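In the numbering used here, the protein residues as written are 9 to 202.
Report on the following structure.
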């Protein structure tokens with residue numbers, strides 16, 4: 009810019025108005041040319057500041073991606089994850105005696121709509137649409153933040169009515185109509201809270 013001013017006004021003796029037009033063209037055109045450089049330098053400075061605070065960045069674009077995050081997931085040692093929640097199928101524990109792990113996962117898939125399944129259920133079942141085969145949905149209770157749960161009422165292939173629910177443990181623990189003994193029920197709730 010400064011070189012353009014010196015050449016146009018001092019050496020070529022151009023009129024003021026003509027010089028301003030050329031300088032504006034250079035200024036506006038230079039923005040798009042300089043933008044990648046400015047962004048790279050800004051991200052490098054951000055990476056340097058993060059490294060001073062103990063963070064290790066592998067890719068410069070990860071800094072830009074972090075700027076658009078609402079939720080940041082990290083594991084127990086502070087490593088940032090890929091923003092994907094997973095559940096290990098072998099770590100799932102079912103505290104009800106008459107229910108096996110596979111049926112528990114199928115019920116969790118049935119408690120949601122097919123089009124908005126939880127990522128952890130999809131990861132454990134593969135195709136959650138298979139859980140819907142052979143049932144007829146009667147009523148779906150969508151998730152809301154007050155109840156903190158979702159539920160589905162359905163009829164199975166034998167004509168039996170069922171209602172499955174998933175959500176916050178403190179909400180779903182008391183929705184079951186099954187009659188447990190008082191001591192057994194309290195023990196199951198204590199185990200579920202762990």
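No residue lacks a Cβ here, since even glycine has one placed at the ideal position from N, Cα and C.
All figures in this text were calculated on a predicted structure; none of them were measured in a lab.
Out of curiosity, what's the CA-to-CA distance linking residue 139 and residue 121? Start at 1 with the first residue of the chain shown, and residue 139 comes out as number 131. Start at 1 with the first residue of the chain shown, and residue 121 comes out as number 113. Their Cα atoms are separated by approximately 11 Å.
Same chain, Cβ closer than 6 Å to residue 114, five either side skipped, listed in chain order: Position 106 of the chain shown, counted from the first residue, corresponds to residue 114. 139.
Need the endpoints of the beta strand (DSSP E) that residue 112 sits in, please. Working through the chain shown from its first residue, we reach residue 112 at position 104. Looking at the DSSP string, residue 112 is not in any beta strand (DSSP E); the run it does join, the alpha helix (DSSP H), is 109-118.
Look at the alpha carbon of residue 18 and the alpha carbon of residue 26, and state the distance between them as a whole number of angstroms. Within the chain shown, residue 18 is the residue found at index 10, counting from 1. Within the chain shown, residue 26 is the residue found at index 18, counting from 1. Whole-angstrom Cα-Cα distance: 14 Å.
Residue from 154, 160, 175 and 38 with nearest C-alpha to residue 146: In the chain shown, counting from the first residue as 1, residue 146 sits at position 138. Nearest C-alpha to residue 146: 160.
Inter-residue CB distance, residue 71 and residue 51 (contact presumed, cutoff 8 Å): By one-based count along the chain shown, residue 71 stands at place 63. By one-based count along the chain shown, residue 51 stands at place 43. Yes, they are in contact, since the Cβ atoms of residue 71 and residue 51 sit about 5 Å apart, within 8 Å.
Beta-bridge partners of residue 75, as assigned by DSSP: For this step, residue 75 is matched to residue 67 along the chain shown. Paired residue(s): none; residue 75 is not in a bridge.
What is the DSSP secondary structure of residue 152, reduced to helix, strand or coil? Residue numbering aside, residue 152 sits at position 144 when the chain shown is read from its first letter. DSSP places residue 152 in strand when its eight states are reduced to three.
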